[in-house]
Amino acid sequence: MFPDIRPRRLRSTPAIRRLVAETSLEPRHLVLPMFVADGLDEPREIVSMPGVYQHTADSLRKAATEAVAAGVGGLMLFGVPRPEDKDARGSAASDPDGVLNRALRSLRSELGDSTVIMADTCLDEFTDHGHCGVLTGSGVVDNDATLERYAEMAVAQAEAGAHLLGPSGMMDGQIGFLRSALDEAGHTEVGQLAYSAKYASAFYGPFRDAVGSSLEGDRRTYQQDPANRRESMHEVDLDLAEGADMVMVKPAMSYLDVLREVADRSPVPVAAYQISGEYSMISAAAQKGWIDRDAAILESLVGIRRAGADIVLTYWAAEVAGRLS
Ligand code: PBG
Numbered sequence: 002m003f004p005d006i007r008p009r010r011l012r013s014t015p016a017i018r019r020l021v022a023e024t025s026l027e028p029r030h031l032v033l034p035m036f037v038a039d040g041l042d043e044p045r046e047i048v049s050m051p052g053v054y055q056h057t058a059d060s061l062r063k064a065a066t067e068a069v070a071a072g073v074g075g076l077m078l079f080g081v082p083r084p085e086d087k088d089a090r091g092s093a094a095s096d097p098d099g100v101l102n103r104a105l106r107s108l109r110s111e112l113g114d115s116t117v118i119m120a121d122t123c124l125d126e127f128t129d130h131g132h133c134g135v136l137t138g139s140g141v142v143d144n145d146a147t148l149e150r151y152a153e154m155a156v157a158q159a160e161a162g163a164h165l166l167g168p169s170g171m172m173d174g175q176i177g178f179l180r181s182a183l184d185e186a187g188h189t190e191v192g193q194l195a196y197s198a199k200y201a202s203a204f205y206g207p208f209r210d211a212v213g214s215s216l217e218g219d220r221r222t223y224q225q226d227p228a229n230r231r232e233s234m235h236e237v238d239l240d241l242a243e244g245a246d247m248v249m250v251k252p253a254m255s256y257l258d259v260l261r262e263v264a265d266r267s268p269v270p271v272a273a274y275q276i277s278g279e280y281s282m283i284s285a286a287a288q289k290g291w292i293d294r295d296a297a298i299l300e301s302l303v304g305i306r307r308a309g310a311d312i313v314l315t316y317w318a319a320e321v322a323g324r325l326s
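The sequence shown lines up with residues 2 to 326 when you count with my numbering.
Next up, the structure:
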């Protein structure tokens, strides 16, 4: 005879469910990605990401301050240059007066060390061809020439006040190369959140809108094939050996198995990025009245945490932080 085992006992009231919840979601776990655009008079809502804006310098400062007041753990900044400021090498990315570096300087002076200010260290927003690096004569992204550009960009971002850089271009050797460049420039305290396992995903679609990307084609020669799991462990191991301070899996929701495996092996904090398409899918279904928006958002974030993310980058960071606190 079996004893009468009833798991439902622990689900019977909100209080007991709260008592036994295994996974927590707190404002500090959430990082808000933000876009700052050059040449805007007022913030512009991104059509495919309702509720997310390309900010002016002023609206960025205001929104960032509000997000920090709501308790988010950090901010991740992306720059959107004017179309005429894009070129083949993404010069505006490393220009101290480029849109992203100006915004970093302004946020750091406004917010100091009260939050963690992160910057996307990648060229795709700044190149006229939209790739994450510089191209060879035959149009392939040139790994080692791109590292030189990333190093210039990284030093400019550190000088502008970023606490943590997010190299997201998937070039081989980027973490070690940037570590040396930062150290040589005296920025030993500036860390790297390595986009270690980053897949060539269809779910980045709305982001390309968000940054006015010029990309035609795809990123499959540098971002990973969605079919691969083991490869991510190799990428994580390499980034750790090169000095990554944290590692990331991206996107989140289609890669929760990868996230779990990275979390099980990583000796450093693990982040996951709930990307633009994941935001847009939930937003669109909610706008149609097909799902309960607020519940779906929380469930998606708890799921990403349960799969092993210490930190979740999400466009809902400020809203959810406000709801949780
Ligand atoms: C590269 C970068 C991308 C995203 C973050 N950093 C775009 C890409 O790799 O194509 C995507 C984020 C999102 O979709 O929300 N700079």
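Glycine included, each C-beta is placed from N, C-alpha and C at the ideal position.
Which stretch, first to last residue, makes up the beta strand (DSSP E) that contains residue i?
i, result
"K251", "247 to 251"
"D121", "117 to 122"
"K199", "192 to 199"
"Q55", "54 to 56"
"M77", "75 to 81"
"R168", "Going by the sequence as given, residue 168 is Pro instead of Arg. P168 -> beta strand (DSSP E) spans 165 to 168."
"L148", "Not the beta strand (DSSP E): L148 falls in the alpha helix (DSSP H), residues 144 to 161."
For the alpha helix (DSSP H) holding residue i, just list the boundary residues, first then last.
i, result
"A272", "Careful: A272 lies outside any alpha helix (DSSP H), inside the beta strand (DSSP E) at 271 to 274."
"P207", "206 to 211"
"A104", "100 to 112"
"A38", "That residue, A38, is in no alpha helix (DSSP H); its beta strand (DSSP E) goes 31 to 38."
"I292", "Neither: I292 is in no alpha helix (DSSP H) and is coded neither H nor E."
"V259", "257 to 266"
"I176", "175 to 185"
"V21", "15 to 21"
"L239", "231 to 242"
Return yes when the Cβ of residue j is within less than 8 Å of the Cβ of residue i, no when it is not.
i, j, result
"D39", "P82", "yes"
"S277", "P207", "yes"
"V250", "L260", "yes"
"G162", "R109", "yes"
"I283", "R266", "no"
"Q328", "A245", "Residue 328 falls outside the range modelled here, since the chain spans only 2 to 326, and no answer is possible."
"V32", "A319", "no"
"Q175", "Y205", "no"
"L241", "V271", "no"
"S214", "G131", "yes"
"Q158", "T122", "yes"
"Q225", "E232", "yes"
"V37", "A104", "yes"
"A201", "R180", "no"
"A120", "L148", "no"
"R306", "T24", "yes"
In whole angstroms, what separates the C-alpha of residue i from that of residue j?
i, j, result
"R230", "V237", "11 Å"
"D173", "V21", "43 Å"
"V141", "E300", "40 Å"
"A308", "A253", "9 Å"
"D129", "A89", "6 Å"
"D114", "T66", "12 Å"
"F127", "N102", "12 Å"
"S326", "M50", "25 Å"
"A186", "E160", "9 Å"
"L124", "A155", "11 Å"
"L183", "V191", "7 Å"
"E279", "T315", "9 Å"
"R19", "A211", "38 Å"
"L78", "P4", "56 Å"
"D258", "R10", "30 Å"
"T198", "L41", "The residue you asked about is not Thr; residue 198 is Ala in the sequence shown. The straight-line gap from Cα to Cα measures roughly 34 Å."
"H164", "P44", "25 Å"
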